[in-house]
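Residue numbers (the working numbering), protein chains in the order written: chain A, 5 to 349; chain B, 5 to 349. By construction, the Cβ of each residue, glycine as well, lies at the ideal position given by its N, Cα and C atoms. Quick notes on the structure that follows.
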């Protein structure tokens with residue numbers, strides 16, 4: 005090939021946008037293709053559904069995980085959770101999944117049993133069936149892929165594109181913990197290299213490490229939305245980092261956003277450990293990723309339905325596209341938000 | 005971990021059987037989980053469906069393909085075809101797919117465009133929509149994964165488990181061509197290593213090379229079954245090799261099989277090239293894999309529906325499990341069949 009353009013010039017999101025820009029679906033059953041947390045399909049004869057949802061995610065050794073500090077069972081569990089989160093982010097319930105792996109010959113039967121223990125644990129807790137997968141060898145390292153199916157009635161599904169000007173931005177749980185947990189694990193790995201006999205002091209970071217190694221998906225929120233008869237106008241899961249995921253939601257909704265620093269939930273342990281590591285806690289929350297919390301918008305008239313709930317935080321407001329994405333800091337400044345996300349390339 | 009059992013002691017199929025043996029589905033919507041070409045789900049409210057089908061396959065550089073002789077466009081095309089074939093093998097129609105890739109930094113934007121050209125070409129020809137995927141980097145090499153959705157009414161779906169004693173075994177197209185094509189490409193690669201200036205003589209192997217690099221899926225057969233009002237009692241696609249795939253069909257149906265060597269279709273060019281390479285053509289057909297033809301069984305009373313068709317071959321009969329799997333050679337011998345398939349590990 006004559007021309008060779010480095011993929012870094014486009015970045016992960018730019019590349020996929022570039023590659024899929026010209027494709028137009030031909031199947032009547034395709035309700036929503038590329039560009040949301042999951043694809044939405046209508047296989048049922050009638051317009052009222054239920055609709056089928058499909059999402060997929062790969063985990064690559066050396067990119068998404070390091071087996072030096074990732075227990076295999078946790079890895080299987082996390083691979084499933086990351087995928088379930090994409091279905092919950094559509095305000096739908098995951099129902100079935102396929103689990104595929106490629107392994108080099110350094111992986112034993114017992115190692116695979118450990119990974120599957122984690123997969124089954126997640127399936128059991130989230131009531132999802134393992135229905136297939138592909139098994140193969142790899143020249144080096146471990147590659148995992150999960151494809152997950154979900155199901156929801158059309159009127160329930162929350163797309164990234166549904167937010168309206170004036171809608172309230174909400175965040176579940178707290179952000180940055182998984183990222184700071186990863187930094188702690190990386191630090192211990194480096195210490196272990198120079199002092200293999202030193203016993204790691206990880207107990208005090210237990211919460212952060214668990215957020216990194218054994219995350220959960222917000223199934224409870226989807227149930228809460230059902231019970232409260234609340235439908236988010238738009239939703240996305242926070243897997244790349246708040247800034248990046250808010251950017252996606254804004255782009256798909258054709259809007260801008262105004263975020264309040266004081267509304268961004270950061271756990272005290274995240275804050276303490278981040279400061280210890282010389283990382284600004286706010287940056288960890290904005291760009292950390294892997295928290296698998298939900299970012300959603302609601303109509304202002306629904307505010308009483310979420311106002312007094314312990315694990316939902318009001319973090320800002322959707323504004324016109326021309327007003328862009330901004331952060332209102334606790335210091336009183338207004339700064340433009342940049343969608344960093346993960347730059348894998 | 006104390007014990008380390010080499011995965012080779014179980015093999016690919018043994019490993020997945022071992023890992024999934026104890027799992028039992030909990031979702032009412034799961035009609036068929038692990039153990040067929042695709043999973044079958046009933047999301048619709050009524051029992052009559054239509055049902056949703058899901059299958060997935062990965063292609064790993066250095067295991068499934070060699071970029072020394074695989075054009076990127078063909079690779080994208082083949083990744084899709086291999087997955088569509090799994091849905092046709094259920095007597096169903098593929099409708100949507102996700103395409104995921106992990107790439108190292110040696111892949112350019114232009115390289116990915118080539119791969120997507122192949123993906124789109126296959127989507128266009130087979131009328132399937134690209135609806136998503138995952139994009140990430142990899143430390144080394146290229147990893148592709150496709151997850152494909154299909155749709156069919158319950159009464160149409162052909163499982164591996166449906167064959168009955170006395171059913172006739174049929175094969176579409178011809179077998180062994182993709183494998184012999186691969187051997188030709190491998191030979192040229194070796195020649196090229198020692199004599200880079202030599203111009204390869206590949207024209208005379210064009211058919212075999214095309215079967216390896218740009219296979220097709222048997223959509224035409226599914227249409228023919230519809231038109232002829234014929235439903236195979238059992239079906240599987242021949243991706244691992246006839247012996248291995250017949251073994252799966254027999255196992256799931258709880259039966260044995262009797263295969264006639266004279267009924268196994270081998271293309272004259274496959275035969276000639278195999279002999280040139282000192283490979284027994286029959287072994288190529290039995291164990292070669294990647295032909296993406298269909299192996300199916302029909303009730304003896306349906307024989308007139310297929311008897312005079314050019315591309316369907318009657319290759320044997322299903323027998324009781326106690327009679328095992330045997331091949332009746334043209335030399336008059338009866339030899340036990342062994343399921344070899346691909347041993348990747």
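Contact list for the stretch 133-156 of chain A against chain B, Cβ threshold 8 Å: 133, 134, 135, 136, 137, 138, 139, 140, 141, 142, 143, 144, 145, 147, 149, 151, 153, 155
So the candidates are A:77, A:329, A:172; which of them puts its Cα closest to the Cα of residue 114 (chain A)? To locate residue 114 (chain A), count along the first chain from 1; it is residue 110. Looking at the Cα atoms, A:77 is the closest of the given residues.
Quick test of the definition: if touching needs 3 or more C-beta pairs under 8 Å, does the stretch 59-67 of chain B touch the stretch 138-157 of chain A? yes
DSSP puts residue 100 (chain B) in a beta bridge; with which residues? Your numbering for residue 100 (chain B) matches position 96 in the second chain. B:133, B:153, per the DSSP bridge assignment.
For a contact defined as C-beta to C-beta under 7 Å, what are the partners of residue 7 (chain B) on chain A? As a first step, residue 7 (chain B) is located in the second chain; it is residue number 3 there, counting from the start. Near residue 7 (chain B) (Cβ distances below 7 Å), the residues of chain A are 114.
One or two residues paired with residue 44 (chain A) in a DSSP bridge: Here residue 44 (chain A) refers to the residue found at position 40 when the first chain is read from its first residue. For residue 44 (chain A), which the question treats as bridged, DSSP gives the partners A:36, A:57.
Which same chain residues, not among the five before or five after residue 155 (chain B), have their C-beta less than 8 Å away from its C-beta? Here residue 155 (chain B) refers to the residue found at position 151 of the second chain. So the list reads 54, 55, 56, 57, 96, 97, 99, once near-sequence residues are dropped.
Is residue 39 (chain A) near the ligand ADP, going by C-beta to nearest heavy atom under 7 Å? Among the components of this structure there are no ligands whatsoever, and the ligand ADP is therefore not found.
From residue 335 (chain B) to residue 75 (chain A), what distance separates their C-alpha atoms? Taking the second chain and counting its residues from 1, the one referred to as residue 335 (chain B) is at position 331. Taking the first chain and counting its residues from 1, the one referred to as residue 75 (chain A) is at position 71. Using only the alpha carbons, I get a separation of about 56 Å.
Are residue 273 (chain A) and residue 212 (chain A) close, meaning C-beta to C-beta below 8 Å? Here residue 273 (chain A) refers to the residue found at position 269 of the first chain. Here residue 212 (chain A) refers to the residue found at position 208 of the first chain. Yes; because the gap between Cβ atoms is below 8 Å, this pair is in contact.
Is the stretch 14-25 of chain A close to the stretch 7-22 of chain B, with three or more CB pairs under 8 Å? no
3 or more residues per run - each beta strand (DSSP E) lying fully within the stretch 65-92 of chain A: none
By the three-class DSSP mapping on this structure, what secondary structure does residue 254 (chain A) have? On the first chain, position 250 is the one that residue 254 (chain A) refers to. Residue state, collapsed to three classes: helix.
Chain A contact residues for residue 16 (chain B), given Cβ-Cβ distances below 9 Å: Position 12 of the second chain, counted from the first residue, corresponds to residue 16 (chain B). What residue 16 (chain B) touches in chain A: 139, 140, 141.
What is the DSSP secondary structure of residue 294 (chain A), counted as helix, strand or coil? Looking up residue 294 (chain A) in the first chain gives position 290. In the structure shown, residue 294 (chain A) sits in coil (DSSP, three-state: anything other than H, G, I, E or B).
Among A:130, A:147, A:307, the one whose alpha carbon lies nearest that of residue 233 (chain A): Translated into the one-based positions of the first chain, residue 233 (chain A) becomes position 229. Residue 233 (chain A) has its Cα closest to that of A:307, out of A:130, A:147, A:307.
Would you list, in chain order, the members of the stretch 70-99 of chain A that have their beta-carbon closer than 9 Å to a beta-carbon of chain B? 76, 99
With a cut-off of 8 Å, does the C-beta of residue 211 (chain B) fall near any C-beta of chain A? Locating residue 211 (chain B) in the second chain gives position 207, counting from the first residue. It does not; no Cβ of chain A falls within 8 Å.
Indicate the three-state DSSP secondary structure (helix, strand or coil) for residue 312 (chain B) in the structure shown. Taking the second chain and counting its residues from 1, the one referred to as residue 312 (chain B) is at position 308. Correct three-state label for residue 312 (chain B): coil.
With respect to the beta strand (DSSP E) encompassing residue 264 (chain B), which residues constitute its N-terminal and C-terminal limits? Here residue 264 (chain B) refers to the residue found at position 260 when the second chain is read from its first residue. 259-264 is the span of the beta strand (DSSP E), which, as asked, contains residue 264 (chain B).
The stretch 173-187 of chain A in contact with the stretch 77-87 of chain A per 3-pair CB rule at 8 Å: no
Could you give the residue range of the beta strand (DSSP E) that holds residue 241 (chain B)? As a first step, residue 241 (chain B) must be located in the second chain, where it is residue number 237. Start and end: 238-242.
Look at the alpha carbon of residue 105 (chain A) and the alpha carbon of residue 297 (chain B), and state the distance between them as a whole number of angstroms. Here residue 105 (chain A) corresponds to residue number 101 of the first chain, with the count starting at 1. Here residue 297 (chain B) corresponds to residue number 293 of the second chain, with the count starting at 1. One C-alpha to the other measures close to 25 Å.
For a cutoff of 8 Å on Cβ pairs, would you count residue 131 (chain B) as touching chain A? Residue 131 (chain B) sits at position 127 when you count from the first residue of the second chain. Judged by the 8 Å Cβ criterion, residue 131 (chain B) is in contact with chain A.
Beta-ladder partner(s) of residue 321 (chain A), from DSSP: Indexing the first chain from 1 puts residue 321 (chain A) at position 317. BP columns for residue 321 (chain A) point to A:172, A:262.
Taking DSSP's pairing of strands, which residues face residue 141 (chain B) in a bridge? Here residue 141 (chain B) corresponds to residue number 137 of the second chain, with the count starting at 1. Partner(s): B:107.
What's the call for residue 338 (chain B), buried or exposed, on a 16-neighbour Cβ count within 10 Å? Reading the second chain from its first residue, position 334 is the one you call residue 338 (chain B). Exposed, because fewer than 16 other Cβ atoms sit within 10 Å of the Cβ of residue 338 (chain B).
I need the straight-line Cα distance from residue 347 (chain A) to residue 158 (chain A), nearest angstrom please. Residue mapping note: residue 347 (chain A) aligns to position 343 of the first chain, counting from 1. Residue mapping note: residue 158 (chain A) aligns to position 154 of the first chain, counting from 1. Interpretation of residue 347 (chain A) is limited by its pLDDT of 45, a score under 50 that renders its predicted location unreliable; the figure taken from the coordinates is listed afterwards. Using only the alpha carbons, I get a separation of about 34 Å.
Count the other CB atoms within 10 Å of the CB of residue 305 (chain A); is the residue buried (16 or more) or exposed (fewer)? Within the first chain, the letter at position 301 stands for residue 305 (chain A). It counts as exposed.
According to DSSP, is residue 22 (chain B) part of a helix, a strand, or is it coil? Walking along the second chain from the start, residue 22 (chain B) turns up at place 18. Looking at residue 22 (chain B) - three-state DSSP - the assignment turns out to be helix.
Under 8 Å between the Cβ atoms of residue 182 (chain B) and residue 295 (chain B)? As a position in the second chain, residue 182 (chain B) is number 178, starting the count at 1. As a position in the second chain, residue 295 (chain B) is number 291, starting the count at 1. Their beta carbons are under 8 Å apart, which means residue 182 (chain B) touches residue 295 (chain B) by this criterion.
Residue 329 (chain B), DSSP secondary structure in three states: Mapped onto the second chain, residue 329 (chain B) falls at position 325. In the structure shown, residue 329 (chain B) sits in a strand (DSSP, three-state: E or B).
Compare the C-beta of residue 62 (chain A) with all C-beta atoms of chain B and state if any pair is closer than 8 Å. Taking the first residue of the first chain as 1, we reach residue 62 (chain A) at position 58. It does: the Cβ of residue 62 (chain A) has a partner Cβ on chain B nearer than 8 Å.
Any C-beta of chain B sitting closer than 8 Å to the C-beta of residue 27 (chain A)? Position 23 of the first chain, counting from 1, holds the residue named residue 27 (chain A). Yes - at least one Cβ of chain B is within 8 Å of the one on residue 27 (chain A).
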